[in-house]
Amino acid sequence: MIFLCMGYFNPEKMDARPKAEIEAVMSECQPYIEKFYDSGKVLLDAGLESETISLRRVNGKVMTTDGPITKTKERIGSIFVFEAENMDEAIQLASLHPTTQVSKGEEFDWHIEVRPVHYLKKDN
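Numbered per the numbering used here, the sequence shown spans residues 1 to 124.
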């Protein structure tokens with residue numbers, strides 16, 4: 001099975017800290033990323049920028065607005081896609097990601113949402 005994971009954080013909490021502190025926290029992520037990749041099951045891992053444009057069809061036309069569609073304190077900072085046999089294995093694999101391994105992440109509300117994917121087109 002294919003799983004999509006979204007890594008969330010609280011931008012207000014991260015923006016309130018000095019840049020050097022955030023850089024130090026992010027540098028702690030690298031060993032965990034390597035272990036995550038070493039699983040051999042990661043298909044895609046991407047960090048996301050904060051800029052967001054939402055598209056929606058309204059009265060037959062596609063409209064764009066700045067920002068996410070839903071208003072929330074949390075923001076998606078990363079996404080990753082991997083293969084796992086079932087949800088239990090997906091949880092085990094997602095738990096290797098820095099979002100759950102870097103202790104400082106708790107202060108910034110880091111967490112992961114895991115979702116099974118029912119369709120994914122891959123070029124082979």
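Glycine residues also receive a C-beta, built at the ideal position from the N, C-alpha and C atoms. Here the structure is a predicted model, which is why all the values come from computation and not from measurement.
Spatial distance of residue i from residue j (CA atoms)
i	j	result
residue 110	residue 74	9 angstroms
residue 35	residue 58	45 angstroms
residue 1	residue 7	19 angstroms
residue 117	residue 54	22 angstroms
Cβ separation of residue i and residue j, assumed to be a contact under 8 angstroms, to the nearest whole Å
i	j	result
residue 104	residue 28	7 angstroms
residue 77	residue 48	6 angstroms
For residue i, the three-state DSSP class (helix, strand or coil)
i	result
residue 8	strand
residue 61	strand
residue 78	strand
residue 16	coil
residue 96	coil
residue 107	helix
residue 66	strand
Proximity below 8 angstroms, CB of residue i to CB of residue j
i	j	result
residue 83	residue 43	yes
residue 5	residue 113	yes
residue 101	residue 32	yes
residue 45	residue 9	no
residue 39	residue 120	no
Limits of the alpha helix (DSSP H) - the one that residue i falls within
i	result
residue 45	Counting along the chain, residue 45 falls outside any alpha helix (DSSP H), though it belongs to the beta strand (DSSP E) covering 42 to 47.
residue 35	29 to 38
Endpoints, beta strand (DSSP E) assigned at residue i
i	result
residue 113	111 to 117
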